Amino acid sequence: MAEPDYEAAADAPLYLRVAAALREDLAHRRISPGSRLPSERSLSQRYHVNRQTVRSALQLLREERLVVTDRRGTFAAAGSGGEGEPAVPALSACRPTFPGGPRAAGALVRASLTWDPPPTPLAPRLLLAPGEPTLVHRHVVLGPHGAALQRAVSWFSRAALAEIPQLARYRRGRDCRQQPDLRLLYHWMHQAGLRITHRESVGVPPGPATTAAGDAARLVVHRVVSDQHGHALEITDIDFSARSAAWTYEFSA
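Quick note, the sequence shown lines up with residues -14 to 238 if you use this note's numbering.
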């Protein structure tokens, strides 16, 4: 079995590299549906990582429903694809993705984090006082000629910053990098013990039906991600060209 190309993702955490290598094996049936995966010890030796890293990788694959674990071990989930199709669904088909997630990996994107007040109507939903700033993520997907195909802005609630350690470090003036990587946001929420619900509304914006890319067709998505207590964690508005950009409507289980 070929070793994974770690050089291609040298900046990714080790457990994500291991998960990516196993996901590739599952998708191309190098690990057959229903068959048992190698033991944690064998995987740690194969990928030259410790067993905790392997456990984190397997947990991610379990959340993606690509593998299942019982007292006998960890097994590849049974696939429903036909001959020549992946035996298991791709990551993007199993989990909702934050703007800048797996689909944007090959696209030209611009992302930033700032500390700004949300629009006044959103403040109560985010448990913020009017005018109180919070962490804001802005994300733009650019076309081949530099035109904006998709724009997204996300506001995070007081609860999100308190409950999710990976977000808490982005306090005002601290580590707000020009190109932040929040692709694992929903995984971080699960790690924090949050059971999240995604509610998305899709509509056509009022006014002239034009986009920054010059297309006539435009759609907007309003997403609210809440925890098990109904508290909003993230509110995102996505505006994109329906002719030149794709958006997939997904839910968490």
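Just so it is clear, CB atoms sit at the ideal spot from N, CA and C, and this is done for glycine as well. Just so we're clear, the structure is a prediction, and the values are computed from it rather than from any experiment.
E219 sits in a strand when the DSSP states are folded into three classes. Taken in chain order, the unbroken stretches of alpha helix (DSSP H) that lie wholly in the segment -11 to 56 and span 4 residues or more are -1 to 12, 25 to 32, 36 to 48. For the set R26, T54, S139, Q213, the Cα lying nearest the Cα of R168 is the one of S139. T38 is not a Cβ neighbour of R47, given a cutoff of 8 Å.
Non-local C-beta neighbours of A42 in its own chain, meaning closer than 6 Å and more than five positions away in sequence, comprise Y0, V3, A4, ordered along the chain.
N35 sits close to S29, with the two beta carbons spaced by under 8 Å. Looking at the backbone, the Cα of P190 and that of I220 are separated by about 18 Å. With a 10 Å radius around the Cβ and a threshold of 16 neighbouring Cβ atoms, H124 comes out buried. Residue ranges of uninterrupted alpha helix (DSSP H) with 4 or more members, entirely inside the segment 124 to 190 and ordered along the chain, are 143 to 148, 150 to 153, 170 to 176.
For H207, the uninterrupted beta strand (DSSP E) segment begins and ends at 203 to 211. The three-state reading of DSSP puts L113 in coil, since its state is none of H, G, I, E or B. Straight-line measurement puts the Cα of D222 at about 10 Å from the Cα of V187. G116 and H214 have their C-alpha atoms roughly 25 Å apart. Residue environment analysis places T119 among the buried positions, since at least 16 neighbouring C-beta atoms fall within 10 angstroms of its C-beta.
When C-alpha distances from A63 are compared across G19, R57, E185, the shortest belongs to G19.
With respect to L152, A145 sits close: the two C-beta atoms are nearer than 8 Å.
Around the Cβ of S211, a 10 Å sphere holds 16 or more other Cβ atoms; the residue is buried. Rounded to the nearest angstrom, the Cβ distance from F60 to R21 is 5 Å, consistent with a contact under 8 Å.
For the pair V209 and D224, the CB atoms are not nearer than the 8 Å cut-off. Cβ neighbours of R40 within its own chain (closer than 6 Å, five residues either side excluded): none.
A straight-line Cα-Cα distance of about 37 Å links R184 and E25. A direct Cα-Cα distance of roughly 6 Å separates L112 from S142.
Out of R156, H216, R203, the CA that lies nearest to the CA of T182 is found in H216.
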